[in-house]
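Student: My structure is below; once you've seen it, I'll send some questions.
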Amino acid sequence: MPPAAAASSRRSRAAHAEPHWPGVRLHVVTGKGGTGKTTVAAALAVAIATGGRRVLLCEVEGRQGIARLFDVPPLPYEERTVAVAPDGGEVFALPVDAEQALLEYLELFYKLGRAGKALRKLGAVDFATTVAPGLRDVLLTGKAYEAVRRRRKDGAGGERAVYDAVVLDAPPTGRITRFLGVHAEVAGLAKVGPIRGQADSIMDLLRSPQTAVHLVTLLEEMPVQETCDAVEELTAAGLPVGGIVVNMTRPPLLPGPTLEAAARGALDREDVVAGLVASGARAEPHVVDALLAEGRAHAERVALEQAERATLETIGHRTYELPVLADGVDLGGLYALAAALREQGACS
Amino acid sequence: MTGPFTVRDGGADDAGTGVDGTPAPDSAPFDAVPDPPPAAPDDAPALLDLDTALAEPATRILVCCGSGGVGKTTTAAALALRAAEQGRRVVVLTIDPARRLAQSLGLRELDNTPRRVDGVRPAGGRDGGALDAMMLDMKRTFDEVVLAHASRERAEQIFANPFYQSLSSSFAGTQEYMAMEKLGQLVGTGRWDLVVVDTPPSRSALDFLDAPGRLGSFLDGRFLRVLTAPAKAGGKVYLKAFNAGLSMVTGAVTKVLGASLLRDVQGFVSAMDTMFGGFRERAEATYRLLAAPGTAFVVVAAPERDALREASYFVDRLERDRMPLAGLVLNRVHPDPAPELSAERSLAAAEVLQESGAHPVTAALLRLHADRVRLSERERRLAARFTAAHPDVPVARVPAQPVDVHDLDGLRTIGAALAAASGAAPG
Ligand SMILES: Nc1ncnc2c1ncn2[C@@H]1O[C@H](COP(=O)(O)OP(=O)(O)OP(=O)(O)O)[C@@H](O)[C@H]1O
Ligand SMILES: Nc1ncnc2c1ncn2[C@@H]1O[C@H](COP(=O)(O)OP(=O)(O)O)[C@@H](O)[C@H]1O
Ligand SMILES: [Mg+2]
Ligand SMILES: [Mg+2]
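Line by line, the protein sequences give chains P and D. Numbering follows my numbering, in which position 308 of the first sequence is assigned residue number 308; successive positions increment by one, without gaps. Numbering follows my numbering, in which position 366 of the second sequence is assigned residue number 366; successive positions increment by one, without gaps.
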């Protein structure tokens, strides 16, 4: 277990025992731009699928982030397997396309048939998803809802959910509350009828214990601030906040007391010189200066990260830590991140 | 989706989209460039010395662009402060600054007006410099545009329209366009020698340049036109057919979106109709300003693959549109402070100490150093790829500070790194 993972499984009290999110069917992953939403969503999907479950990973920003991550060609708007998880289990991916989702939606409620095609030809779909505030969000969250609720015959005369869980690579923190709350607005507009019914059921799901909104952050000022703001907003909107995933952590490379001394600029220069000589490395003053300065900068950064961690702890939600992967995230790295999530108890 | 006001606001982003909304080729030119051999001194890029650009009276506009989180706002603020301390009258337009940075610039509220920054210290007997800073409020800027083009009464109608309200406060394209608009206004006042602009935190740096064009295509969109003025479009046979299709379509749209939304859109468009022309003209004028002498673009990137790929697209685009590029700022680099001690030797030495059990602190520092050297090498390889693709683009390297940049001193440090082409380690 990487040190960072070890540190945080200590933090997430109930490691290993019970999975942390029992009963959650929809995992929504948000965070400040670039903090690793797509990466964490994918890792979580693999983690949940491990051991034989079927998981759908949805992305809604139309950027083919999933395909890039799993190193496959751009994915069409259909559910297909992108990965098999350790010990059986399958991850399906679906890049939700607002335009196609709209046509699907119209078909569902209005049986438009050919008119649907005409709409598209005129650019009406593009227009509608462009100008109608929130329409895109209505469609995208609607699709996730549909996937959570979809059922199939289980072969023994009964029925079961097609997916054990749906993981949604969601819009960034600045937009998430509005995104998830859009059906409450729809319900306000449509007083009766099928659209109202659907909007109500979607909000019921999103506000239920079957949903968890996880926030990805880095140990830096701006992402932590956004995380705190988002937790407040989500809570106020009655949306269930899940875990905080601290991404790209680096383990401290100096032992505790050394860190403190380094931060104060009080490392023993003579000892470092003696150490260099003893090790057979060059002990020129320039090298010694550089080592001391690196030690100090490292200590300052660790202190800053500790302060950000402390801020995150005041939020009072479970946290997970994922280490920075030095060579970026390839498929192997993704499985490693999934394993780290499991080790920290994110799923059984 | 190529609409101007695509609903992906709040700095959300579509990196998958290149110029004109066509999907960006996945393996962009940047990726196609093979790793060059370890940079020989000859391969090193020219050094970007931003002091020259800052001091040059002909430089009137500096635009900092790049993908989200790379340090655009920080760079913009640092350049503005430096220019002011060198004696120029400068205004910096920031968009979405980190809270503490905003505070240290005296930006406590979002009032959409430039405010004087306290604590600017003229360098070496050069006075006359001053720095004003502001934070963009896109909603207010949009309101100002409306007021500038419409009678008070009409403006009130527009403001009250729910469609206008969501359009003006929550769409990404709007933010880019309003940044452009505000830039035009600031330049127009003639109050400053130099206007430094930050760009919105979109995923794609290109969004900033494409916003005005998108606005145009939105306004010209036939669906919008026909929706709102079907009578005008009538007459010709093919238009009749078109309209027949259309009424079916508007019917469907009405059903789905509700009649009130459609009425709002129609109301908005007819209220705005008279000002559309002026609107677009302004956007185009500002765009031309960006291509005019006196403007310089500074592309900011972190030494990471995605950020550099985005920077690469942007540099290509500037070239294609003949827009003046000052150079690339590689922000948050980790220079190697002791190149004479390689990662391998450092680790070997740490190993020796570990075995003997003596000098644990030195051993830990040696491992730390090895880590740092590896990081530094990785960043250099990435930067070298960029330079191989764009050999003529000068580069300034700004070291990662151990802590966030949130006061004027922090900005001065960044400013010095931006200007110290001579001091910075090349390559
Ligand atoms: N633990 C990690 N270690 C190393 N690199 C990481 C890690 N997590 C994410 N990254 C890298 O950081 C970058 C951003 O990650 P990602 O695309 O997942 O973020 P995002 O939040 O989805 O971004 P956006 O807001 O643009 O959608 C990617 O290059 C990714 O490979
Ligand atoms: N060279 C640097 N060293 C350390 N921190 C930096 C540096 N440049 C930027 N930062 C920090 O990174 C964060 C994002 O920077 P910002 O300028 O707001 O990025 P952008 O405007 O591109 O989104 C801020 O917290 C800022 O203080
Ligand atoms: Mg993403
Ligand atoms: Mg910014």
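Beta carbons are placed, not taken as given, at the ideal position from N, Cα and C, and that holds for glycine.
1) Could you check the C-alpha separation between D/Ala419 and P/Gly88 for me, to the nearest Å?
2) Take P/Leu334 as the anchor and find which of P/Leu180, P/Met222, P/Ala43 and P/Pro255 has the nearest alpha-carbon.
3) Any heavy atom of ligand 1 closer than 7 Å to the beta-carbon of D/Val197?
4) If the criterion is Cβ atoms closer than 8 Å, does the pair P/Thr394 and P/Val182 meet it?
5) Go ahead and label P/Gln198 buried or exposed: buried means 16 or more other beta carbons lie within 10 angstroms of its beta carbon, across all protein chains shown.
6) From the beta carbon of D/Pro402, is the nearest beta carbon of chain P less than 8 Å away?
7) With 8 Å as the threshold, decide whether the Cβ of D/Pro200 is near any Cβ in chain P.
8) Tell me which same chain residues have a C-beta within less than 7 Å of the C-beta of P/Tyr105, skipping the five on either side of it?
9) Check the Cβ of D/Gly69 against every Cβ in chain P and list those closer than 7 Å, keeping chain order.
10) Please state if the CB of P/Leu57 and the CB of P/Ile66 are separated by a distance shorter than 8 Å.
11) Step through the CB atoms of chain P and report whether any lies within less than 8 Å of the CB of D/Leu368.
12) Just how far apart, CA to CA, sit D/Thr295 and D/Arg288?
13) Who are the neighbours of P/Gly295 on chain D, taking C-beta pairs under 7 Å?
14) For D/Arg372 and D/His334, what's the separation of their Cα atoms in angstroms?
15) From P/Ala274 to D/Leu368, what does the alpha carbon distance come to, in whole angstroms?
16) Does the beta carbon of P/Leu276 sit closer than 8 Å to a beta carbon anywhere in chain D?
17) To the nearest angstrom, how far is it from the Cα of D/Asp137 to the Cα of D/Asp111?
18) Does any heavy atom of ligand 2 sit closer than 7 Å to the C-beta of D/His406?
19) If distances are taken between C-alpha atoms only, which option among D/Arg385, D/Ala98, D/Leu79 and D/Thr189 comes closest to D/Pro114?
20) Residues of chain D with CB closer than 9 Å to the CB of P/Val272, please, in chain order.
21) Within the region 81-142 of chain D, note down every full beta strand (DSSP E) run reaching 3 residues or more, in order along the chain.
22) Should D/Leu328 and D/Val395 be called a contact, given that it needs their Cβ atoms to be closer than 8 Å?
23) Just to confirm, is the Cβ distance from P/Val246 to P/Glu313 under 8 Å?
24) Does any heavy atom of ligand 4 sit closer than 7 Å to the C-beta of D/Pro201?
25) Taking Cβ-Cβ distances shorter than 7 Å, what residues in chain P pair up with D/Pro337?
26) Indicate whether P/Leu254 and P/Ala262 have their beta-carbon atoms separated by less than 8 Å.
27) Would you identify the three-state DSSP class for P/Thr81, choosing helix, strand or coil?
28) Any beta-carbon of chain D closer than 8 Å to the one on P/Gln100?
29) At a CB distance below 7 Å, what residues from the region 249-263 of chain P approach chain D? Give them in sequence order.
30) What whole-angstrom Cβ distance do D/Leu93 and D/Val187 have, given they're in contact under 8 Å?
31) When DSSP labels each residue in this structure, what does D/His149 get in the three-state scheme?
32) Considering only the alpha carbon of each residue, which of D/Ala389, D/Ala155, D/Phe208 and D/Leu330 lies closest to D/Phe180?
33) Helix, strand or coil for P/Val148? Go by DSSP, reduced to three states.
34) Below 8 Å on C-beta distance, what does D/Asp206 contact in chain P?
35) Which class does D/Arg381 belong to by DSSP, given the choice of helix, strand or coil?
Tutor: Concretely, from the data shown:
1) In this model, D/Ala419 and P/Gly88 are separated by some 56 Å (Cα to Cα).
2) P/Ala43
3) no
4) Nothing about residue 394 of chain P can be read from this structure; chain P reaches only from 1 to 348.
5) buried
6) yes
7) no
8) Leu139 and Gly142
9) Gly33 and Gly34
10) yes
11) Closer than 8 Å: yes.
12) 10 Å
13) Leu365 and Leu368
14) 7 Å
15) The alpha-carbon atoms of P/Ala274 and D/Leu368 are separated by roughly 18 Å.
16) yes
17) 7 Å
18) At least one heavy atom of ligand 2 is nearer than 7 Å to the Cβ of D/His406, so yes.
19) For D/Pro114, the closest C-alpha among the options D/Arg385, D/Ala98, D/Leu79 and D/Thr189 is that of D/Thr189.
20) Chain D residues near P/Val272: His359, Val361, Thr362 and Leu365.
21) 89-94 and 130-135, all fully within the region 81-142 of chain D.
22) yes
23) no
24) yes
25) For the C-beta of D/Pro337, the chain P residues within less than 7 Å are, from N- to C-terminus, Ala290, Ala293 and Glu294.
26) yes
27) strand
28) By this cut-off, P/Gln100 is not an interface position.
29) Leu253, Leu254, Pro255 and Thr258
30) With a Cβ gap of about 10 Å, D/Leu93 and D/Val187 do not count as contacting.
31) If DSSP states are grouped into helix, strand and coil, D/His149 belongs with the helices.
32) The question names Phe, but residue 180 of chain D in the sequence shown is Met. The residue with the shortest Cα to Cα distance from D/Met180 is D/Phe208.
33) helix
34) Note that residue 206 of chain D corresponds to Leu in the displayed sequence, not to Asp. What D/Leu206 touches in chain P: nothing, since even the nearest Cβ is about 14 Å away.
35) If DSSP states are grouped into helix, strand and coil, D/Arg381 belongs with the helices.
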